[in-house]
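What follows is a set of notes on a single structure, which appears directly below.
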Amino acid sequence: MSADAPAWEQRSTARVVSPVQPRKLAKVPFVELADGRLQGVVSSGSDIGRVYVSSVAAGTHTYDCSTNNNRPCGGLYGAPCKHLRLLVDEAVIQYGLDRVAGYLRAEVGDDGDLIGALGGGVERTPAAMVFSRFLRHLTYLELPGATTPVPELHWFPAGVAR
Amino acid sequence: MLAVQLSALLDGETPGVTETLDLVTGFDDALTHGLGRLGGDRAAALAALAGAVSASPLGDRAGEAVDKITAGSVAGDHLTALAGARTALLGAVHDALLARLDTALGRTRAAWEAAAAPAPAADHLLAAARSWLHELAITGWRGVDHDLVSASSQTVEALLAEPRLRRVAVLLDGLAAELAACCPIATAPRVPARRWADLWARAVLLAQGLPADPDPEQVSGRLLVLGVDVHEHGTAVQAQVHGLLEPAGGGAARLVRASVSAAKVDTITGPAVWRLLQAHPVLLGALAEHRSLDLTGMPLLASGDLLWHDDRAAAGEPADPFAVARVQLADALAPAVTPLDRHPVRIAEPVLLEGYTVDGEALVLDGHPLAVELDRLPRCGPLTPELVAASTACIGLVRWDAGRWSVQPLAVQATVKRKPVTAHAGDWALGPTDPKVVKAEAKAGDVVAVLRERAGRLLRK
Ligand SMILES: [Zn+2]
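Quick note, the sequences are listed as chains S and L, same order. Mapping of the first sequence onto our numbering: position 75 corresponds to residue 75, and the numbering continues sequentially without gaps. Mapping of the second sequence onto our numbering: position 134 corresponds to residue 1134, and the numbering continues sequentially without gaps.
Next up, the structure:
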């Protein structure tokens, strides 16, 4: 037995998903790469009870933004609105530029301008699915904690691959 | 841990481990490609796995399962039998490794004496979990797509809502997130075959329903904290405190653990995770302030796990974990291992290492290198690879994975810019103490509060 690193495929604690980077959540509480889209929820700057659901499709780079009640965003005039810009900025903080650009299959120049590389135009996408995923995300915060051990979590050590 | 102990741990193979793991690897390869369409080689690998447990009570069922699966008829019970056989083999590996470690350390361990508890009643939520796990096994990791991953979503949601099923819920949620992140797996450059088979087999067993824990004893006395091991995936965090219990009635100090956990989301990470555990202020205070705790009537399972009640603990005197480890760790009594938990991944034995040199990613004690798990330094605390590299003493957990022993630091004493520095993983349990981290946290705002506000406003509309 040596101190050499063992094969990744044979490790019980092989790291598969990198933990996301911490970021401010006040403006964009929810971002995910799922269902073939970068999608998320942006809190309205003016109405505390309103949120916008914004998304960009992988490959085609079409995008959409609407309120959670499916009213189109007023800021969407043939170019990404401020909500979409915020969504993309926060996604890059959370996952890193490479992972987001890779998921969207976008070519980003040396300037690192991802939003500028997304020129697919507006395509309507129902907001309800993303919004319900956000609500489900929030329900985790309402689950009670536990003091009985969860031995299974030994497979999930905290930390980051180095 | 002395050089002679480390040498006893590292020098030479543990008999039977490599051969047993080869059988497990064969099964894991079959699971990667799916049990629904086994080729000849993979059918032989399953037969070899079943053959290895043929003399055990599982033998008949495992043998029959392989016959049926090879013939193309896969039923739930067959997969359960194979998951059981794989678990039994890794249980044997665990026992051999832990015995070797205990022998090397001269550590005395209690035997498991509780009688087997009766099987629990059937449960429709667990049936849904089993059916997804069966689908995964038939398909194989290489065939898993987004639709199959998202098919678990409602089941996991329902399991999470049931506190008594939290363990299987947390496990399935973690597995599903990894599968989703790797889709399409058919074209992924590599598959974490051991890891996912571990998680799958574990989930299959948990989804049979867990027998009730034997009744805990009530313990009183002084708890001396050694350190904290933090576990985390996107939607769960657990702080597992390792300590020594000095029983009030006298007797040898006992190694015990206290585990507190919470559900979370992926964006709550780093020092913010402690805020999710604030229901246990006495425990977190002991971590942050390096205090002992006075326990009164705290339930303790035979596995060495305290069932933490923060109101049955009171903050005691300051107690330096390094002093505790130096004076008392060598003679402490280690707990028995719960039979179902026997897997190498749970080996996490507290040790003290001193007088070593650091060579890259290993601590070298009298020429014997022990790998350091730098990947396991949690982001919620002050431990960094640089501190480990500058360290001269370390409290850690001895771990084993894929043929290699290693140490996971829980605390280090180091010299930085010619000044002594001590850092413990739990130092920030009541909030960060490093001004740079405090500033970064203040800039990011209270993410837990932001999401709770959103939940309060949007979930109950
Ligand atoms: Zn908008």
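Positions of the beta carbon are idealized from the N, C-alpha and C atoms, including for glycine.
If you check the C-beta of S/Val56 against ligand 1, you find no heavy atom less than 8 angstroms away. Taking the Cα of S/Leu87 as reference, the smallest distance to any Cα among S/Val150, S/Ser44, S/Ala146 is reached at S/Ser44. Listed in chain order, the beta strand (DSSP E) elements of length 3 or more contained wholly in the region 1285–1344 of chain L are 1291–1300, 1313–1318. Counting every other CB atom within 10 Å of its CB across the protein chains shown gives L/His1124 a total below 16, marking it as exposed. Taking C-alpha positions only, S/Val108 is separated from S/Asp98 by approximately 9 angstroms. Neighbours of S/Ala26 in chain L, taken as residues whose beta carbon is under 8 angstroms from its own, are Gly1445, Val1450 in chain order. Taking 9 angstroms as the threshold, the shortest C-beta distance from S/Tyr140 to chain L falls below it.
Residues of chain L whose Cβ lies closer than 8 angstroms to the Cβ of S/Ala14 are, in chain order, Pro1192, Arg1194, Arg1195. Listed along chain S are Gly145, Ala146, Thr147, Thr148, Pro149, Val150, Leu153, each with a C-beta nearer than 9 angstroms to that of L/Ser1261. Put simply, the CB of L/Asp1145 is far from chain S, with every gap to its CB atoms at 9 angstroms or more. Scanning its chain for C-beta atoms nearer than 8 angstroms, with the 5 sequence neighbours on each side dropped, one finds around L/Val1074 the residues Leu1035, Gly1036, Lys1068, His1134, Ala1137, Ile1138, in chain order.
Neighbours of S/Arg136 in chain L, taken as residues whose beta carbon is under 9 angstroms from its own, are Ser1153, Glu1157 in chain order. Of all residues in the region 1300–1316 of chain L, those with a C-beta nearer than 9 angstroms to a C-beta of chain S are Leu1301, Ser1303, Asp1305, Leu1306, Leu1307, Trp1308, His1309, Asp1310, reading in chain order.
With 16 or more other Cβ atoms inside 10 Å of its own Cβ, L/Ser1261 counts as buried. Fewer than three beta-carbon pairs drawn from the region 1159–1177 of chain L and the region 1297–1308 of chain L are found closer than 8 angstroms, and the two stretches are therefore not classed as touching. Taking all protein chains in view, the Cβ of S/Asn68 is crowded by 16 or more other Cβ atoms within 10 Å, so the residue is classified as buried. S/Tyr52 has its Cβ nearer than 8 angstroms to a heavy atom of ligand 1. In terms of CA proximity to L/Arg1399, L/Glu1349 leads the group L/His1146, L/Arg1342, L/Phe1322, L/Glu1349. Shortest Cα-Cα distance from L/Arg1454 to any of S/Leu33, S/Arg136, S/Arg37, S/Ala158 involves S/Arg136. Shortest Cα-Cα distance from L/Thr1020 to any of L/Val1437, L/Gln1408, L/Ala1096 involves L/Ala1096. Secondary structure note for S/Asp89: its alpha helix (DSSP H) is the uninterrupted segment 82–95. L/His1231 has its Cβ no nearer than 8 angstroms to any heavy atom of ligand 1.
Counting C-beta atoms within 10 angstroms of its own C-beta, S/Val31 has 16 or more neighbours from the protein chains shown and is therefore classed as buried. Sequence-ordered contacts of the region 1273–1290 of chain L with chain S read Val1273, Leu1276, Leu1277, Ala1279, His1280 [C-beta pairs closer than 9 angstroms]. For L/Pro1369, the enclosing beta strand (DSSP E) covers residues 1368–1372.
The beta-bridge partner set that DSSP reports for L/Thr1235 is empty.
For S/Gly75, the Cβ falls inside the 8 angstroms cut-off from some heavy atom of ligand 1. Under the criterion of beta carbons closer than 8 angstroms, L/Asp1427 and L/Ala1288 qualify as touching, at roughly 6 angstroms. Within the region 1372–1397 of chain L, Glu1373, Leu1374, Asp1375, Arg1376, Leu1377, Pro1378, Arg1379, Cys1380, Pro1385 place their CB atoms closer than 8 angstroms to a CB of chain S, listed in sequence order. The DSSP assignment places 1124–1139, 1146–1150 as complete runs of the alpha helix (DSSP H) inside the region 1122–1153 of chain L, in order along the chain (cut-off: 4 residues).
What S/Arg162 touches in chain L, judged by beta-carbon distance under 7 angstroms, is Leu1374, Asp1375, Pro1385, going in chain order.
When Cβ-Cβ separations below 9 angstroms define contact, S/Ile115 makes no contact with chain L. L/Ala1129 is positioned such that its CB atom lies closer than 9 angstroms to that of L/Ala1203. Look at the beta carbons and you see the region 134–151 of chain S touching the region 1252–1268 of chain L: at least three pairs across the two are nearer than 8 angstroms. S/Gly109 has a beta carbon lying at 9 angstroms or more from every beta carbon in chain L.
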